[in-house]
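Quick mapping for you: the protein sequence lines, in order, are chains A and B. Residues 1 to 322, numbered by this note's numbering, are exactly what the first sequence covers, in order. Residues 323 to 823, numbered by this note's numbering, are exactly what the second sequence covers, in order. Comments concern the structure below.
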Amino acid sequence: MLKTVVKRLAAGVVLSVGLAGAASAAECIAPANPGGGWDFTCRTIGKIMYDIGAVDEPIQVTNMAGGGGGLAFAHVVNERNTDEDLIVAASSATATRLAQNKYGGATYKDVRFLGAIGADPGVIVVAADAPYQSLTDLLDAVKADPTSVTFAGGSAVGGYDHLKVLMALGRAGFDDIRAVKYIGLDGGGDAITQAIGGHVQAVTGDMSEVVGFLKSGDVRVLAVFTDDRIPGFDDIPTAKEQGIDVVAVNWRGLYVPKGISEEAYQKWSDALAAVGKSDEWKAAMEANGLAPFFKVGPEFEGWLAGVIEEIAQLSRDIGVIQ
Amino acid sequence: METLSLLADGFSVALTPSNLFLAVVGCILGTVIGALPGLGPSNGVAILIPLAFSLGLDATAALVLMTAVYYGAMYGGRISSILLNIPGDEPALMTTLDGYPMAKAGRASDALVLSGVASFVGAFLATIGLILLAPMLARIAFLFGPAEYFALYLLAFSTLGGIASNNQAKAAIAACIGLGISMIGLDNNTGIARLTMGELHLMDGVDFLVAIVGLFAVTEVFVFIESHGKNSALGVKLGKITIPVKDILRCKWTMLRSTFIGFIAGVLPGAGASLGSFMAYSAEKSLVRDNSQFGKGDVRGVAAPEAGNNAAAGGALVPMLTLGVPGSGTTAVLLALLMTLNITPGPTLFTDRPDVVWGLIASLLIANVVLLLLNVPMVRLFVHILSVPPWVLLPGVTMISFVGIFSLSGSTFDLLLMIGFGAMGFFLRKLDVPTVPIILGILLGNNMEDSLRRAMVISGGEWTYLFSSGIAIGLWVAAVLGFVAPMFLRGKIRKPQAITD
Chain A
1 MLKTVVKRLA AGVVLSVGLA GAASAAECIA PANPGGGWDF TCRTIGKIMY DIGAVDEPIQ
61 VTNMAGGGGG LAFAHVVNER NTDEDLIVAA SSATATRLAQ NKYGGATYKD VRFLGAIGAD
121 PGVIVVAADA PYQSLTDLLD AVKADPTSVT FAGGSAVGGY DHLKVLMALG RAGFDDIRAV
181 KYIGLDGGGD AITQAIGGHV QAVTGDMSEV VGFLKSGDVR VLAVFTDDRI PGFDDIPTAK
241 EQGIDVVAVN WRGLYVPKGI SEEAYQKWSD ALAAVGKSDE WKAAMEANGL APFFKVGPEF
301 EGWLAGVIEE IAQLSRDIGV IQ
Chain B
323 METLSLLADG FSVALTPSNL FLAVVGCILG TVIGALPGLG PSNGVAILIP LAFSLGLDAT
383 AALVLMTAVY YGAMYGGRIS SILLNIPGDE PALMTTLDGY PMAKAGRASD ALVLSGVASF
443 VGAFLATIGL ILLAPMLARI AFLFGPAEYF ALYLLAFSTL GGIASNNQAK AAIAACIGLG
503 ISMIGLDNNT GIARLTMGEL HLMDGVDFLV AIVGLFAVTE VFVFIESHGK NSALGVKLGK
563 ITIPVKDILR CKWTMLRSTF IGFIAGVLPG AGASLGSFMA YSAEKSLVRD NSQFGKGDVR
623 GVAAPEAGNN AAAGGALVPM LTLGVPGSGT TAVLLALLMT LNITPGPTLF TDRPDVVWGL
683 IASLLIANVV LLLLNVPMVR LFVHILSVPP WVLLPGVTMI SFVGIFSLSG STFDLLLMIG
743 FGAMGFFLRK LDVPTVPIIL GILLGNNMED SLRRAMVISG GEWTYLFSSG IAIGLWVAAV
803 LGFVAPMFLR GKIRKPQAIT D
């Protein structure tokens, strides 16, 4: 047993030295420190791409944290614009920050988005002892008196968690969105703690953040922002069923530099699509609380442009951007 | 009884030879990482996560390695605090206050052994607390809303004046500088960039490790250059290496009190290890009858923050495991590790995956014992660092600082920022302004501001919300007392003296 560990240790060293030397291997930039969602995207998608033979060599993962992904974005646009061996992890946070001009003037048109192959569905949650039984109950309470409900979420004011609430309220016919009370905490778990403690009335977050609390019976999920109910959580109604037409998910995907050839773009979208359809990816999604969400290539680019436009408009309305 | 059998199961998982080997490796790596300025527990664990993956370790083995690194770094941070007056990481900050004066007085080895024992007591009791009380303690987190957190931070700042300096006004100025620096970066409540001057690197704010290494390590180099090495603070006398049994016994109540305070601070998700060591130190200073030696090498001033910060490290695992809410930067990284191992911490973890929980707890206990056994004999080795002449040691420290900070973000901007902090520290030292409150301002400023602003959003700007619960009122009373009392008692206790260092 001891020997195997030593052997593995040696293998690990050899492996990393080997990787550093192989200049031709493709690279995936995770614009954050190890352990987060972007890091997961790079490591998992990169590994499966190689395992199923969509690429010839293992994909090397580089972590480049800073500016909420802005540093990596600027690096790709300014220094790697024609690098055909480069993919970068992205999510709805990337889109939100681009829409809100958080990347120092760069826009989503400065790179090419490749696609998304999984998503963490958005949810609205209340404590188990809260009086609200449906999303309509909660939204009606906000409409009647906006000061009576405080929403908490794991992203800053103007972040995606905040915007999801505003989209839902907008569809329900409530326009005074600046009156909606929202506090941004350090993560979804933090937000749920505040709701269970009675400090706030509702939580806006992602499905993966609430699963544990749902099982323990501490919270009730009022609605999930997907087209269809999530497999495994069939008793949770979608917002659409309740007459609130909002689809808001935290998608996991990739972008590539803008200056690469059409063939290279096609090659990468094929590889991503192959990963999305693989059994390995299905297992990884299940283990990480992701729901199916598959949009690759030009279809994704078109969909994303619409999403970014809506976020930009909402952000102007609440004054996060001018 | 059930707990004991579960714990036995945990040990049977964690106590395989290969896991024990990993624990020893992790403890040594962690101690080194903790002792190096700029590398703290959180980036130490973060750097080693890819290693755990490339070794193909299973969940238990990965956890054993990472918790050993985590606790090792918490132990290791004190070494450079005591020997070089440069905190290895942020929770070890308070240990410089009495640990370094002790080392200068020729008691470096005593300080190291004592702090090692205090670390052990804090971490060990906190792990026991975690075993017995975790599900129940998780409920404490529900009681703390924005109003309560704001009062808690206020309490920390109001006791600051008497801590790091004999001149309360200068300590207050230093705290304000720190609070000002903490405002740099994205405003969490509006998403607007503040004081970044359009610089992308400042969007995430100033990393406190950059500030710590700049204000302590780089400043030390500047002072050395100015004095041509003659007057440098380094070059501490070596003493005989014995186990200071008398001092350890003298500190037994200090350790227990500090463990309790640190553990509670760790359990509150918004507080963390730094607040734990800080509160433990200030509580100890105000509780003991004769506190005239604090800041000059009082053994209790060494034991309190070390027991406090290691207890907080154990306490921080409570909300992480039971709520999925990390109580500190390092537990945030450990949480990420668990998630990548397909383990989702939360209220059902203890029932869903008892093997993981009890394996983790068993590995914590193992890491603790290994660390104590490693640390006491290793003191001899550490102390010999001091016999290295400053003109060799200081460039070495500088180099390690640069590498450590560069490894944080891979950006040269942080290096320039660090040098800037070094220059600032040099001038502040000339003005006798203490730098510890600056770091605390940077560490706690954002959290305090966020709490206040969240409270104001919830209440619609009604300030009475800040006093809306018994806990909040209690903390406010303690804060006001903590600020006012030293002013009246000062004449009775001692006269203000100049800073000797």
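Glycine is no exception: its CB is placed at the ideal position from the N, C-alpha and C atoms. Computed from a prediction, not measured in an experiment: that's the story for all the values here.
Excluding its 5 nearest sequence neighbours in each direction, aspartate 772 of chain B has C-beta neighbours in its own chain below 6 Å: Asn510, listed in chain order. Residue pairing from DSSP places cysteine 28 of chain A in a beta bridge opposite A:Val61 and A:Ile87.
A Cβ-Cβ separation of about 16 Å leaves alanine 116 of chain A out of contact with isoleucine 311 of chain A under the 8 Å criterion.
Proximity of serine 650 of chain B to chain A, defined by a Cβ-Cβ separation below 9 Å, is not satisfied. The beta carbon of glutamine 242 of chain A is closer than 8 Å to those of Ser134, Leu135, Thr136 and Ala223 in its chain, skipping five residues each way along the sequence. Residue-level contact check: aspartate 509 of chain B touches chain A, since one or more beta carbons of chain A fall below 9 Å from its beta carbon.
Against chain B, the CB of phenylalanine 213 of chain A has a partner CB under 9 Å away; the residue lies at that interface. Per DSSP, the continuous beta strand (DSSP E) segment holding isoleucine 183 of chain A begins and ends at 181 to 184. In this chain, isoleucine 514 of chain B is not harboured by any beta strand (DSSP E), its DSSP state being neither H nor E. Closest in C-alpha terms to asparagine 631 of chain B, from the list B:Phe538, B:Leu750, B:Ser437 and B:Pro641, comes B:Ser437. Counting C-beta pairs with one atom in each stretch, the region 408 to 426 of chain B and the region 350 to 367 of chain B have three or more that are closer than 8 Å, which means they touch.
The residue from B:Leu452, B:Ala433, B:Ala626 and B:Ala478 with its alpha-carbon nearest to that of alanine 638 of chain B is B:Leu452. When only Cα atoms are considered, tryptophan 38 of chain A and leucine 290 of chain A end up about 14 Å apart.
Around the beta-carbon of histidine 706 of chain B, fewer than 16 other beta-carbon atoms lie within 10 Å, marking it exposed. A distance below 7 Å between beta-carbons, with the five flanking residues on each side excluded, links phenylalanine 333 of chain B to the following residues of its chain, in chain order: Ala684.
A residue is called buried when at least 16 other Cβ atoms come within 10 angstroms of its Cβ; glutamate 628 of chain B meets this threshold and is buried. The beta carbons of tyrosine 393 of chain B and alanine 445 of chain B sit about 6 Å from each other, so the pair counts as a contact at 8 Å. The distance from the Cβ of arginine 112 of chain A to that of valine 256 of chain A is about 5 Å, consistent with a contact at the 8 Å cut-off. The criterion of a C-beta distance shorter than 9 Å is not satisfied by serine 315 of chain A and glycine 205 of chain A. A residue is called buried once 16 or more other Cβ atoms fall within 10 Å of its Cβ, and serine 261 of chain A, having fewer, is exposed.
Just so you know, the alpha carbons of leucine 571 of chain B and methionine 424 of chain B end up roughly 17 Å apart. Following the DSSP letters along the chain, one finds arginine 112 of chain A inside the beta strand (DSSP E) bounded by residues 111 to 127.
At the C-beta level, phenylalanine 728 of chain B and glycine 536 of chain B stay beyond 9 Å of one another. In the structure shown, the three-state DSSP call for proline 627 of chain B is helix. The continuous stretches of alpha helix (DSSP H) do not include aspartate 206 of chain A, which lies in the beta strand (DSSP E) extending over residues 202 to 206. For asparagine 250 of chain A, the uninterrupted beta strand (DSSP E) run begins and ends at 249 to 257, by DSSP.
The residues Ala152, Gly153, Gly154, Leu185, Val203 and Gly205, in chain order, have a CB closer than 7 Å to that of alanine 191 of chain A in the same chain once the five nearest residues on each side in sequence are set aside.
Residue pairing for glycine 507 of chain B: DSSP places it in a beta bridge opposite B:Arg516.
With the rule of 3 Cβ pairs closer than 8 Å, the region 465 to 476 of chain B counts as touching the region 774 to 792 of chain B.
Counted as a single uninterrupted DSSP element, the beta strand (DSSP E) harbouring glycine 153 of chain A occupies residues 150 to 153. The beta carbon of alanine 271 of chain A is closer than 8 Å to those of Met49, Ala54 and Val55 in its chain, skipping five residues each way along the sequence. The three-state secondary structure of threonine 238 of chain A, taken from DSSP, is strand. Taking each of A:Asp245, A:Ala239, A:Val307 and A:Ser216 in turn and checking the Cα distance to leucine 645 of chain B, the smallest one comes out for A:Ser216. Identification of residues in the region 729 to 750 of chain B having a C-beta nearer than 8 Å to some C-beta of chain A yields Ser731, Gly732 and Ser733, given in sequence order. In the three-state scheme derived from DSSP, where H, G and I count as helix and E and B as strand, valine 610 of chain B is classed as coil. The region 123 to 130 of chain A makes no contact with the region 85 to 102 of chain A: fewer than 3 CB pairs, one atom from each, lie closer than 8 Å.
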